[in-house]
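Q: Before I ask anything, here is the structure I am working with.
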Ligand SMILES: *Cc1c(COP(=O)(O)O)cnc(C)c1O
């Protein structure tokens, strides 16, 4: 274990880079070696974009997608060389900076054409046009396609490199996804007839990579699947060759016996039913543990399930380890991951928390050290 962890608050996220490499290669194979644009927005779903992107670039990532200019520039600062696409809003004052840094921006609203006119530089600006085929978040409508592409063809230093769309329910609604695919195909046919189809065509998020071969086009855009986590654990079971890459761990800092009837934590919501061995662990709701797991969640200690007792506090919580063998400060506690024969998957933790793995990952507080294996 890392010395830095031992010397500080012993709470950490373990990111298994080998699993991420493995998952990337599985995706690459699955999509018949089409380009894979790795979605590393929100600091690579909380896992550390620079490290994750560098690992993926080494193993063959064809590009990256992020949420903002700031995220794109962070990747460039950490020497990421492959194309980067910003999926979200970019201010016109940043267009020049984008072109200088080989950052692609998304045109997702027809009014952006007007703002593009402010771009008067020599360096070509590469853009991807996003089509709204049913997600209704960003993108131009099918009706707007002729106007937008016609206008774009008039710009000298704007290159339309890509066209894409995003699925609303590829994890849960095949009919709606097929409808979105057919809408997108209509756009592609229109563009091909006019010899105006951009070189890069992409649509598939993780769920579509798993379920919709027809959505592969020239490139795919997975995020969560890179970490070996299913986009929807109720509907999509991952093949066992995808490896879960994330574990979250801490260590016991105090152990105490309390007699029957003692109240644990704020508000006394838990009372010991018998003499109990209670351990305090340095992880709380400020770290990401939802407070509604108070008296409901569990963790692993010595490979056994230990229930969370009393309310979860900001930086700490208590767990019941009565009857566990040889418990002492320093014992490892697994919040997500495996220990001995037992395992708490990210999906299991998220479900118990009434949310999805995406939210759990992106709420991991910065103060939790990320350890890369
Ligand atoms: C987040 C995102 C993705 C990746 O989604 P996953 O479900 O993590 O694979 C792909 N495309 C767009 C536009 C996104 O916002």
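Numbering (the working numbering), first residue to last: 176 to 548.
Idealized CB from N, CA, C, for every residue including glycine.
So which of 213, 319 and 190 has the shortest CA-CA distance to residue 381?
A: Comparing Cα positions, the closest option is 213.
Q: Who are the near neighbours of residue 267 in its chain, counting only those whose CB is closer than 6 Å to its CB and skipping five residues on each side?
A: So the qualifying residues of the chain are 290 and 293.
Q: When you compare each of 409, 388 and 497 to residue 530 by their alpha carbons, which one comes out closest?
A: The option with the nearest alpha carbon to residue 530 is 409.
Q: Among 273, 420, 365 and 298, which one has its Cα closest to the Cα of residue 522?
A: It is 420.
Q: Compare the C-alpha of residue 486 against each of 245, 265, 446 and 347 and name the closest.
A: With distances taken between Cα atoms, residue 486 lies closest to 446.
Q: When you compare the CB positions of residue 373 and residue 337, do they come within less than 9 Å of one another, or not?
A: Their beta carbons are under 9 Å apart, which means residue 373 touches residue 337 by this criterion.
Q: Pop quiz: residue 536 and residue 220 are said to be a contact at Cβ under 8 Å. What is the actual Cβ separation, rounded to whole angstroms?
A: The Cβ separation is near 4 Å, so the contact holds.
Q: Closest by CA to residue 411, which one among 426, 390, 423 and 383?
A: The candidate whose alpha carbon is nearest that of residue 411 is 383.
Q: Is any non-hydrogen atom of ligand 1 found closer than 8 Å to the C-beta of residue 223, if you look at the structure I gave you?
A: Result no, Cβ not under 8 Å from ligand 1.
Q: With burial defined as no fewer than 16 other Cβ atoms inside 10 Å of the residue's Cβ, what is the status of residue 504: buried or exposed?
A: Looking at its Cβ environment, which holds fewer than 16 other Cβ atoms inside 10 Å, residue 504 is exposed.
Q: How many Å lie between residue 240 and residue 525 at the Cα?
A: The straight-line gap from Cα to Cα measures roughly 25 Å.
Q: In whole angstroms, what separates the C-alpha of residue 430 from that of residue 474?
A: The alpha-carbon atoms of residue 430 and residue 474 are separated by roughly 15 Å.
Q: Using only the alpha-carbon positions, how far apart do residue 517 and residue 465 sit?
A: So the alpha carbons of these two residues sit roughly 22 Å apart.
Q: Looking at the unbroken beta strand (DSSP E) that takes in residue 454, where does it start and where does it end?
A: Per DSSP, residue 454 belongs to the beta strand (DSSP E) from 451-456.
Q: Answer yes or no: the CB of residue 327 versus the heavy atoms of ligand 1, is any distance below 8 Å?
A: The answer is no for residue 327.
Q: Run through the DSSP bridge pairs and tell me what residue 445 is partnered with.
A: For residue 445, which the question treats as bridged, DSSP gives the partners 439.
Q: Would you call the CB atoms of residue 355 and residue 343 closer than 9 Å?
A: Yes.
Q: Does the separation of the CB atoms of residue 458 and residue 508 fall below 9 Å?
A: Yes; because the gap between Cβ atoms is below 9 Å, this pair is in contact.
Q: Are the stretch 226-237 and the stretch 261-276 touching, with three or more C-beta to C-beta distances below 8 Å?
A: Counting Cβ pairs under 8 Å, fewer than three are found: no touch.
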